[in-house]
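Asks: Encoded as structure tokens, here's the structure I'll be asking about.
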Amino acid sequence: MRAGKKLSNVVAIALSGAAALGSSEVSAAGFALLEQNTSGLGNAYAGSAAVAEDASTIFFNSAGLTQLKRPSLVMNGALIMVKSEFKNGASQPAFSHALGSSGGNAGGNTPVPALYVAVPLTDRISGGVGVNAPFGLKTEYSDDWLGRFQGILSDVKTTNINTALAFKLNNVVSLGVGANHQTLEAELTKNVNYTAVIGQFSPASLAVPANLGLQGRSTVKGDDSAWGYDVGLLFNFNDRTRLGLSYRSALSYNIDGNAHFAPPTSSDPTGQGIINIASAGALANGPVTLEIKLPASARLAMTQKLGSSVELLGEVSWTQWSDIKELRIKRPSGVTLSNTPEDWDDVMRYALGANFQLNDAVKLRVGAAMDESPVPDSTRTPRLADSDRTWLSAGAKFRVSDNINMDLGYTYIKVDDAPLNQNDGSTAAFGLINGEQQTDINILGVQATVSF
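Residue numbers (the working numbering): 23 to 474.
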């Protein structure tokens, strides 16, 4: 088959799976998703930039495509199961409103699929396409929860199409380059304290006693797409030692969307008049924009074989979350509808793992990782009550036939308890959230690799 025909077939197969992909509960620090394959899940993704075991290397280090000798297809699915509950400390209600509940489980169970196709084009050049979801977030509290004026639903979905080429420069060094087209969809909801809105008008504040406990709902939805790139180097020093280095660029979004407000109805004519004025002005339905940059990241990984049956893996990675300074939602006129300070930090992730080849058909995997959180205590919000994470992983690879391999993986992530002390600038208007978020994550993965 000619190289051009091979690559066109690769693109067709990969793009056919794009519609099935979306996002998930967040599982890595910030709202990155590492579950891009199951062959790495059992190692807690230690060595992911150096392993180059299957076509999913497109995401972790595209230079690894040169190590694949036959065309192959990877179909991966992970189920991320999040339990995240708020434990109340000394929270306070907004003025004239009941405090409310603790919000229930803000997590949930979400599948995350991924698809990769790789084809050797010549002895030294390989190509491939991957379709996956590198970022995602979903938290949702009950409608009556005590933090409802600061956030209820936070839902971010991404779909990434990654085309890649890899070049074997010599017997030691391979170079990979890739282009990424990523789409993002976001939805944010919260309740609006219309009693506080009425109280902002003077002398209309005299109408507050007749309008206690009024609340409505705001919903902001938007989407955009962005281009990015990735580059990677792979060093095969010998048949036992391999080093990988990869970089994925930041992606800048200018999200266009709409804000929708569902105000309450007041039996007080003055209060209803103020609600009507607000609904035609500051709280009017209409278009909004949000600028956000999703972070660049880099990985340095190494694998070392010890004899014929044991392999050690290690990796250090960096993510540039400091690009997220604030979440400012603006009207087309430039007027700010809302602004949430973030001031996130760059973070590191450290992972170690090992593989044990039991026989020709079975390989066992283990791994552990420490994942730093980019979210400072001072700006942590209930939309993403993130904290440092510890990963413990195990998995196995089974050779079903000469053309088919299956991978199974499991990870338990313990998220450090995350203190929350947030009133969004006014306890009277938004209430005070005071307590801690307690989160545990379980991940199951399955992957089929078919070679042709």
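By construction, the Cβ of each residue, glycine as well, lies at the ideal position given by its N, Cα and C atoms. Quick caveat: nothing in here was measured; it's all calculated off a predicted structure.
1. Return the CA-CA distance between ASP345 and LYS315, expressed in angstroms with no decimal places.
2. Go ahead and pull the three-state DSSP assignment for ASN127.
3. With a threshold of 16 other CB atoms inside 10 Å of the CB of ILE426, please say whether the residue is buried or exposed.
4. Would you list, in sequence order, the uninterrupted alpha helix (DSSP H) runs of no fewer than 4 residues that lie entirely inside the region 281-328?
5. Can you tell me which of the three DSSP states THR217 falls into?
6. Beta-carbon within less than 6 Å of VAL253's beta-carbon, same chain only, minus the 5 sequence neighbours each way: which residues are those?
7. Given this structure, state the Cα-to-Cα distance separating GLY389 from LEU197, to the nearest angstrom.
8. Is the separation between the beta-carbon of ASP245 and that of THR205 shorter than 8 Å?
9. According to DSSP, what are the bridge partners of THR161?
10. Which residue from ALA284, LEU349, ASN258, VAL357 puts its Cα closest to that of ARG405?
11. For GLU75, which residues from the same chain have a beta carbon less than 6 Å from its beta carbon, with the 5 sequence-adjacent residues on both sides left out?
12. Quickly, what does DSSP pair ILE147 with across the bridge? List them, please.
13. Below 8 Å between beta carbons: does that hold for ASN65 and ARG387?
14. Counting C-beta neighbours from all protein chains within 10 Å, is the total for PHE259 16 or more, i.e. buried, or is it exposed?
15. Name the one or two DSSP bridge partners that LYS105 has.
16. Apart from the five residues on each side of it in sequence, which residues of its chain come closer than 7 Å, Cβ to Cβ, to GLU57?
17. Can you tell me whether VAL230 is helix, strand or coil according to DSSP?
18. List the residues that DSSP assigns as beta-bridge partners of LYS212.
19. Entirely within the region 415-459 and at least 4 residues each: give me those alpha helix (DSSP H) ranges in chain order.
20. Taking 8 Å as the threshold (C-beta atoms), are ALA373 and ALA68 in contact?
21. Hey, how far is the Cα of SER400 from the Cα of GLY122?
22. THR325 and ARG264: beta carbons closer than 8 Å?
23. Given ILE35, which residues of its chain have a CB within under 6 Å of its CB, disregarding the five upstream and five downstream residues?
24. Give the DSSP-derived three-state secondary structure of ALA373 in the structure shown.
25. Starting from ILE80 and walking both ways along the alpha helix (DSSP H), at which residues does that stretch end?
26. Decide if ASP446 is buried, meaning its Cβ has at least 16 other Cβ atoms within 10 Å, or exposed.
27. Excluding the five sequence neighbours on either side, which residues of its own chain have a C-beta within less than 7 Å of the C-beta of VAL194, listed in chain order?
28. Buried or exposed: which applies to LYS347, given that a residue is buried once 16 or more other Cβ atoms fall within 10 Å of its Cβ?
29. Which term fits SER46, buried or exposed, when burial requires 16 or more other beta carbons within 10 angstroms of its beta carbon?
30. If HIS119 and GLY295 are in contact, beta carbons under 8 Å, what's the gap, nearest whole angstrom?
31. Measuring alpha carbon to alpha carbon, tell me which of SER473, LEU87, PHE108, LEU191 ends up nearest VAL151.
32. From this set, PRO225, VAL214, SER289, which residue's C-alpha is nearest GLN172's C-alpha?
33. Would you check if the distance between the CB atom of PRO309 and the CB atom of ASN280 is smaller than 8 Å?
34. Can you tell me whether GLN58 is helix, strand or coil according to DSSP?
35. Would you tell me roughly how many angstroms separate the C-alpha atoms of TRP167 and GLU394, rounded to the nearest one?
36. If you compare alpha carbons, which of VAL437, SER124, GLN89, GLY169 is closest to ALA51?
Replies: The relevant details are as follows:
1. Straight-line Cα distance between these residues: approximately 6 Å.
2. Looking at ASN127 - three-state DSSP - the assignment turns out to be coil, as it is neither helix nor strand.
3. ILE426 comes out exposed.
4. The region 281-328 contains these whole alpha helix (DSSP H) runs: 291-302.
5. The answer is helix: DSSP assigns THR217 an H, G or I state.
6. Its chain contains VAL199, TYR269 as the residues whose beta carbon lies nearer than 6 Å to that of VAL253, once the 5 sequence neighbours on both sides are disregarded; these appear in chain order.
7. So the two alpha carbons sit approximately 27 Å from each other.
8. Yes, the Cβ-Cβ distance between ASP245 and THR205 is below 8 Å.
9. When DSSP reads this structure, THR161 sits in a beta bridge with SER176.
10. Here the closest residue by C-alpha is LEU349.
11. Cβ within range, chain order: SER61.
12. Per DSSP, PHE189.
13. Against a cut-off of 8 Å, the Cβ pair of ARG387 and ASN65 comes out as a contact.
14. When all chains shown are included, PHE259 counts as exposed.
15. In the DSSP assignment, the residues bridged to LYS105 are ASP462.
16. Cβ-Cβ distances below 7 Å link GLU57 to SER49, LEU63, ALA100, ILE102, VAL134, ILE465, GLY467 in the same chain, with the five nearest sequence neighbours on each side left out; the list follows chain order.
17. In the structure shown, VAL230 sits in a helix (DSSP, three-state: H, G or I).
18. The partner list for LYS212 (beta bridge, DSSP) reads SER240.
19. Fully enclosed alpha helix (DSSP H) runs of no fewer than 4 residues occupy 449-452 of the region 415-459, in order along the chain.
20. Contact: yes.
21. The alpha-carbon atoms of SER400 and GLY122 are separated by roughly 23 Å.
22. With respect to the 8 Å criterion, THR325 and ARG264 are classified as neighbours on the basis of their beta carbons.
23. With a pLDDT of 38 at ILE35, under the threshold of 50, the modelled position of that residue is not reliable, and no figure is offered here.
24. Judged by DSSP in its simplified three-state form, ALA373 adopts strand.
25. Looking at the DSSP string, the run of the alpha helix (DSSP H) that includes ILE80 is 79-82.
26. Taking a 10 Å sphere around the C-beta of ASP446, we find 16 or more other C-beta atoms and assign the residue as buried.
27. Result list for VAL194: PHE257, ASN258, PHE259, in chain order.
28. Counting other Cβ atoms within 10 Å of its Cβ, LYS347 stays below 16 and is therefore classed as exposed.
29. Low per-residue confidence applies at SER46: pLDDT is 44, beneath 50, and the placement is therefore not dependable, though the value from the model is reported in the following sentence. It is buried - the Cβ of SER46 has at least 16 other Cβ atoms within 10 Å.
30. Beta-carbon to beta-carbon, HIS119 and GLY295 are separated by about 22 Å, too far to satisfy the 8 Å threshold.
31. Nearest option by C-alpha distance: LEU87.
32. When PRO225, VAL214, SER289 are compared, the shortest CA-CA separation from GLN172 is found for VAL214.
33. Yes, Cβ-Cβ distance for PRO309 and ASN280 is below 8 Å.
34. It is coil, neither helix nor strand.
35. Looking at the two C-alpha atoms, the distance is approximately 28 Å.
36. Per the Cα distances, VAL437.
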